[in-house]
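Just so you know, our numbering puts 35 at position 45 of the sequence shown, and the rest follows in order with no gaps. Don't be surprised by glycine CBs; every beta carbon is placed ideally from N, CA and C.
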Amino acid sequence: MNKENLFTKTGIPSEKAKTNYFTGKIAAKDISAKIKPSTEKIYHVTFKGGSRTKLHFHNAGQTLIVTKGKGSLVMYKKIGAGIKNFKIKKVENVTLNKGDCVYIPAKKLHTHGSINKKEDFAHVAINSFPKKNTEPKTVWFESDFKSKVTETLS
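Given below as structure tokens:
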């Protein structure tokens, strides 16, 4: 049995995290690297100074468990058939508070992160494997967060 504590200072330093997937500074800790689950990847992510994820989706479901602060999950709908450049429409904005848990179905466009520049927001992200022994994948996009996607980042 392996264990890890969410709140210890080990993890991926902010400058080593894939910062092009976020709008500002973050700190991320790969919990799954230590506890080695076989059906999901688990991360503890702290969003600093109003930082958010860029628009993305996962090839399997994702569960978020809020551990600190106040944030939001914004869901989007893809409009049109483009793969790299397409229109988007905001369809739901959910406020997230410490203790909240939310499930995001596979292949649903979304963004999440802090809504307060003066307070950090943190959550555990559990990314399910789409099938046995197949690691989850995330597809990231550059967008204006309002109406269009301009580039695929991954």
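ILE94 sits away from GLY59, with the two beta carbons spaced by 8 Å or more. In the DSSP assignment, ILE32 falls outside any alpha helix (DSSP H) and within the unbroken beta strand (DSSP E) covering 30 to 37. Per DSSP, the unbroken alpha helix (DSSP H) holding ALA23 starts and ends at 21 to 25. If you look at PHE131, you'll find it in the beta strand (DSSP E) that goes 128 to 133.
Contact annotation: the segment 65 to 83 does not touch the segment 14 to 34, with fewer than three C-beta pairs closer than 8 Å. Nearest to ASN49 by C-alpha distance, out of LYS15, ALA71, SER22 and LEU99, is LEU99.
DSSP places THR140 within a strand segment (E or B) once states are collapsed to three. The closest CA to that of ALA17, considering only LEU86, ALA112, ASP134 and LYS108, is found on ALA112. In this structure, the alpha-carbon of THR13 lies about 14 Å from that of ASP110. The Cβ atoms of ASP90 and VAL64 do not sit closer than 8 Å to each other.
In terms of CA proximity to GLY39, SER104 leads the group SER104, THR140 and GLU125.
The C-beta separation of LYS44 from THR101 comes to about 7 Å, placing the pair in contact by the 8 Å criterion. Judged by beta-carbon spacing, HIS46 lies within the 8 Å limit of PHE131, meaning their Cβ atoms are closer than that value. For PHE12, the beta-bridge partners assigned by DSSP are THR43. Rounded to the nearest whole angstrom, the C-alpha separation of PHE135 and LYS(-1) is 32 Å.
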